Structures are given as C-alpha cells and as structure tokens.
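Enquirer:
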Amino acid sequence: MIRGELSGKRVLVVGLARSGNAAGEVLVAQGASVVAFDWSEAVEVGRLVELGVEVHLGAEEETLLQGIDLVVKSPGVPGERLLVTGARARRIPVWSEIELGARLLPNPILGVTGTNGKTTTTELLGAVFRAAGRDVEVAGNVGRPLTSLIGSAPPDAWVVCELSSFQLEDVHTLKPRIAVLLNLAPDHLDRHGSFESYAAIKLRMFERQSTEDTAVVPRNFGPVSGHGRRLEFGAHDELPAEPRLPGPHNRENAAAATAAARAAGIEDDAIADALRTFAGVEHRIEHVRELRGVRFVNDSKATNVGATLRALASFPGSRLHVILGGRGKAESYAPLAEAFSSGDRAYLIGEASREIAAALELAGISYVVLGDLRSAVTVAASNATAGDVVLLSPACASFDQFDDFEARGNSFRRLVEDLT
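To convert, note that position 217 of the sequence shown is 442 in our numbering; the numbers rise steadily by one, no gaps.
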C-alpha cells in the first residue's frame, strides 16, 4: 500500500501514545477505517473518538484482527505482543508509525540514529538548517511523531528525524536522503535480545539508499548495506566552529551534524553559527543551577551505560556525585564502575540498585543505596562541596518509578530548585 491506497482499508493502530494518536488521525484523513487499541484505559483518545475511530482499551483480544488489512504499531509496543504476532501469522502487514509517515510524506528525510546523542544531534541539525534559512521540521523520537507532519509541513522542507531502534523495527520502504549513524553500543537488550539484533535493526536505515543518497557513519565503521555515498566523521575532525556544548561526545555529535549538513548543501558559515549558539536539549547534560559552588546537572536522558559514560567524561577535574539506577536493560555495569574516579560517589535508586552496587563494590567506588530520587538529591547535595558536580545520569530506563525520562528529569529539576 502506498499513498492513495489506504482509502477504504481497515487499519488497526496498536498503542495510543503520541505516535499512535497521530497515526490514527492521518489514517482517517487518508480515508481508512481505523480501529485503535491500547492496554491502558488512561490514554487520551478523545480526538480519535471525535473522528469516528473504533477505540478499544484494556484487555488484548485477537478478535480485533478480524477484517484488518494493515497494523500500524507504535514504537513502545514490543513485537511479541499478541496482536502483532497474530497479524504476522495472518500475513497482515505490520508497519511502524515511521513507516506510515515516510510513505505519505513527500519531503526529503535526514534520519539520525545511534545509541547515544540522537536527540542532541537531531536538534542541532534543525538549528543548522534554520541558521541557513532553510525550511526544516524536526520529528521522530525527539517528541513530534513523523505522521503529525503530513499535510502541515511545506513540501520542500527537510525533515530531520530521530530514529530509535523501536521505530526502525517495522520499516519496509524508509529511504532517507541522508542517513546518520552516530555510534553503536549495547542498549535495549531487554527488548531486542542481543547486541547483534539491536545493531541490525539500527542499520536498516541504510538498506534502501541509492547512489543519490548519503550514508554518514563514524570513521572506520564497518560496511553498511545500501548504496548511499559514504561520508565518515570523527571527534577530532576540523569543524567550522567549536560547539558550545561541552564534552568530547558533543564534539563528535557536531562532527556528524557537520558532515550531514554539508551533504544537504548547507554552507559552513551557517553550520558555524549553529555550533556556536546551540545550547543543547532538556535532560541531556542540562545545567539546572549552581548552589554554593556546586553544579547540579540533569542528564535523565542517559538511559544506558554508554550515555552515562559520556556524561562522566564531561566534567574533567570535578568530583562527581552521580545518581544512578532505575530499570536496567540487561547491560553490564562494570564499564560504568571503572569510569569513576576514586573521589567520586554514587547514589543508587530504583530496581537496578543491587546490580550497580555489585559493580561499584568490585571497583572500590563509594556508594549509598537510597531507593528514590528525592532521597538521592538530598544526600548528594549535603555531601557535595564547592567545585563538585551533582549529576543525575541514571544509565537505566525510568519506568520503575517514572512515566518516562522526561518526568524523571523534571522531578530532579524541581528537587534541585527547592534546595536551600
């Protein structure tokens, strides 16, 4: 099915958070008969009901697949769910919300994926396009569903799209004009099963590229599928300007963005303007406040070990008080423990506290198990002295205690702002 062929089709949307709601609205506009399902009865479905969507909430029933021509799956829905496996068994096509958006949008897509740095690089590229006076939309995993742009984005605007592994699970025709891979490290192994499976899903972004497209990859990265023109980048590349954002990882992100922007025909002057002025994104090494010489930094978006390692390297010379923990992703915490300096201290919260504590114990790093974020902020602040950094960089998902990493970061920010 392509644009214009959805009319009259019966489509089941599974998962009704932001992506699912956006997909449902677009499908209705395309003339499809839409059925929508979510396990939670607390999701917002008012707009879908107004549009005549048949909404089902609560228990998952395989009978919802009767008469269905297509399933559109939200990124938070694992492929092992009954409705997804049932659709595959019936040979009903399963698309991700990204696949639906990519099929319907006429715009050139600049896709950004990788384990860490996706949001920062995606938003930085948006700033670069704007600095060049180019129409651009930023969407995908960064917060705005790709399908929300259908019918609203100028047809010649570039779409810079952050792509997570969850969003790339069920793409079939996605073909970014420019595809950027930032890095690959173990992540989401609790969902994908192995690093090899996770990496293969990430690399799907390149599969359908032609010789007219561009593949941007880390220097000396192995071969990728597809026929895109290969451009490589590295943290030590010469840049049009030094980035405002701190840390060697952000210089690497800037190098990737520079390579991609040049591939899109953007001049170095505009790239330099964006690098010098872009201040970063919320929840990613975000300065919250300084109190009595202690800096408080919100890095709630660090939901895996690799991301936290990058945060630890961003404050050379400072003693760190690091709040770690949450729901683990079947990763080893040994590399994290080894990255601590002898004077640093860890404050552990959430389900993964025991596993992280074991790794820190072996490395001889001081830690305390506190359970919840409020206690961790209070104790870390009381132990820190002028020149120290209190850093929330959990290396874990947030879902044991918070709705998402944003809720966790916002809670940290409020707790820090209440300190006296």
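Using N, Cα and C, we set each Cβ at its ideal position, and we do this for glycine too.
The structure presented is a predicted model; accordingly, all values stated were derived computationally and were not measured.
Pair every Cβ in the stretch 394-410 with every Cβ in the stretch 358-377, then say whether three or more of these pairs are closer than 8 Å.
Expert: With a cut-off of 8 Å, the stretch 358-377 and the stretch 394-410 do not count as touching, because too few Cβ pairs lie within range.
Enquirer: Could you give the DSSP three-state label for Arg552: helix, strand or coil?
Expert: If DSSP states are grouped into helix, strand and coil, Arg552 belongs with the strands.
Enquirer: Look up Glu269 in the DSSP assignment and say whether it is helix, strand or coil.
Expert: Here Glu269 sits in coil by DSSP.
Enquirer: Using only alpha-carbon positions, find the residue among Glu362, Leu616 and Val239 that is nearest to Ala538.
Expert: Among Glu362, Leu616 and Val239, the Cα nearest to that of Ala538 belongs to Leu616.
Enquirer: Can you list, in chain order, the residues of its chain with a C-beta nearer than 6 Å to that of Arg454? Leave out the 5 residues immediately preceding and following it.
Expert: Hits under 6 Å: Thr439.
Enquirer: Could you tell me the boundaries of the beta strand (DSSP E) in which Lys298 lies?
Expert: Element bounds for Lys298: Leu295 to Lys298.
Enquirer: So if DSSP puts Asn523 in a beta bridge, which residue, or which two residues, is it bridged to?
Expert: Per DSSP, Glu511 and Leu617.
Enquirer: Who are Gly365's beta bridge partners in DSSP?
Expert: Note: Gly365 sits in a beta bridge opposite Glu387.
Enquirer: Apart from the five residues on each side of it in sequence, which residues of its chain come closer than 7 Å, Cβ to Cβ, to Asn523?
Expert: His508, Glu511, Val513, Leu617, Gly634, Phe637 and Arg638.
Enquirer: Could you give the distance in angstroms between the alpha-carbon of Leu335 and the alpha-carbon of Ser265?
Expert: Rounded to whole angstroms, Leu335 to Ser265 spans 33 Å at the Cα level.
Enquirer: Return the residue from the list Arg416, Glu515 and Ala352 that minimises the CA-CA distance to Glu642.
Expert: With distances taken between Cα atoms, Glu642 lies closest to Glu515.
Enquirer: For the putative contact between Ser321 and Gln392, defined by C-beta atoms under 8 Å, what is the C-beta separation to the nearest angstrom?
Expert: With 8 Å as the limit, Ser321 and Gln392 qualify as a contact, their Cβ atoms being about 6 Å apart.
Enquirer: Considering only the alpha carbon of each residue, which of Lys343, Ser623 and Leu289 lies closest to Leu407?
Expert: Per the Cα distances, Lys343.
Enquirer: Could you say which of Arg272, Ala247 and Pro318 lies nearest to Lys234 if we only look at CA atoms?
Expert: Minimum Cα distance to Lys234 is reached at Pro318.
Enquirer: Ordered along the chain, which non-local residues of its own chain (more than five positions away) have a Cβ less than 7 Å from that of Ala382?
Expert: Counting only Cβ-Cβ distances below 7 Å, and skipping sequence neighbours, we find Asn332, Asp360, Val361 and Glu362.
Enquirer: Buried or exposed, going by whether 16 or more other CB atoms sit within 10 Å of the CB of Arg517?
Expert: Exposed, because fewer than 16 other Cβ atoms sit within 10 Å of the Cβ of Arg517.
Enquirer: Excluding sequence positions up to five away, which residues of its chain have a Cβ less than 8 Å from the Cβ of Glu287?
Expert: Excluding sequence neighbours, Glu287 sits near Leu307, Leu308 and Gly311.
Enquirer: Using a 10 Å radius around the Cβ and a threshold of 16 neighbouring Cβ atoms, would you call Asn445 buried or exposed?
Expert: Asn445 is exposed by the Cβ-count criterion.
Enquirer: Should Pro465 and Asn475 be called a contact, given that it needs their Cβ atoms to be closer than 9 Å?
Expert: No, these two residues do not count as a Cβ contact at 9 Å.
Enquirer: My output table needs one value for Leu307: the three-state DSSP class, helix, strand or coil.
Expert: Helix at Leu307.
Enquirer: Does His546 pass the burial test, meaning 16 or more other C-beta atoms within 10 Å, or should it be called exposed?
Expert: That one is buried.
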